[in-house]
Every structure is written in structure tokens, then in C-alpha cells.
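Have a look at the structure below, then the notes.
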Amino acid sequence: MRNPEKALAELRRPRPFGSVLGEVLAEHVALMRNRGYKYTSQSARLLRFDQFLQLNPALQEQPIGAMLDHWAAAKSTRNHAAE
Numbered sequence: 091m092r093n094p095e096k097a098l099a100e101l102r103r104p105r106p107f108g109s110v111l112g113e114v115l116a117e118h119v120a121l122m123r124n125r126g127y128k129y130t131s132q133s134a135r136l137l138r139f140d141q142f143l144q145l146n147p148a149l150q151e152q153p154i155g156a157m158l159d160h161w162a163a164a165k166s167t168r169n170h171a172a173e
């Protein structure tokens, strides 16, 4: 029998900027927008990185370099590694 709580958790979308780096990422986006930049595509990239971190909780204790290495290796888009 399948655990209903686990099944429900799998259906939930990650919360925007809810990762271990989420607060820093959200503050950066807010700072850039307050400086007058639209910062839309960059914000979308940071959100994708944040969601990746939330979906890979084993990376939470890793250094940022390791997080970025795993992110680049995931290749979810053609330009992913360059983001």
C-alpha cells in the first residue's frame, strides 16, 4: 500500500525560493529590481536553480560549488550549464 502523505508530497510544487539558498536568492532578485532592472529571465533561472535544490535535498549540506556542479550536470535545458 502506498503512503498517501508521500504521494501528496510528490504532487506539491516546490515553494518559490524555499531552498536552503532561497532567502539569499530572493534578496538578490529584490535588490536588482530595486536598482531598476527588470530582472525577469535571471529571476526565472534562479527560481529553477532553487527548485532543483528543493528537489535534491541531499545537496543542502554541500558547498555551493557542488550544488552548481550538480545543477550543470542535470541539463534540463539546452543552455542549462551556461545559466
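With the numbering used here applied, the sequence shown has no gaps in its numbers, which climb one by one up to 173 at the end.
A virtual CB, placed ideally from N, CA and C, is assigned to each residue, including glycine.
These numbers were taken from a predicted model, which means no experiment stands behind them.
Under the three-state DSSP convention, the category residue i falls into
i           : result
residue 138 : helix
residue 144 : helix
residue 93  : coil
residue 112 : helix
residue 151 : coil
residue 123 : helix
Same chain only: Cβ atoms within 7 Å of residue i, ignoring 5 sequence neighbours per side
i           : result
residue 141 : 104
residue 161 : 139 and 142
Beta-carbon proximity list for residue i, same chain, < 8 Å, skipping 5 on both sides
i           : result
residue 108 : 140 and 144
residue 150 : 109, 110 and 143
Contact under 8 Å by Cβ, residue i with residue j
i           : j           : result
residue 119 : residue 133 : yes
residue 138 : residue 129 : no
residue 136 : residue 115 : yes
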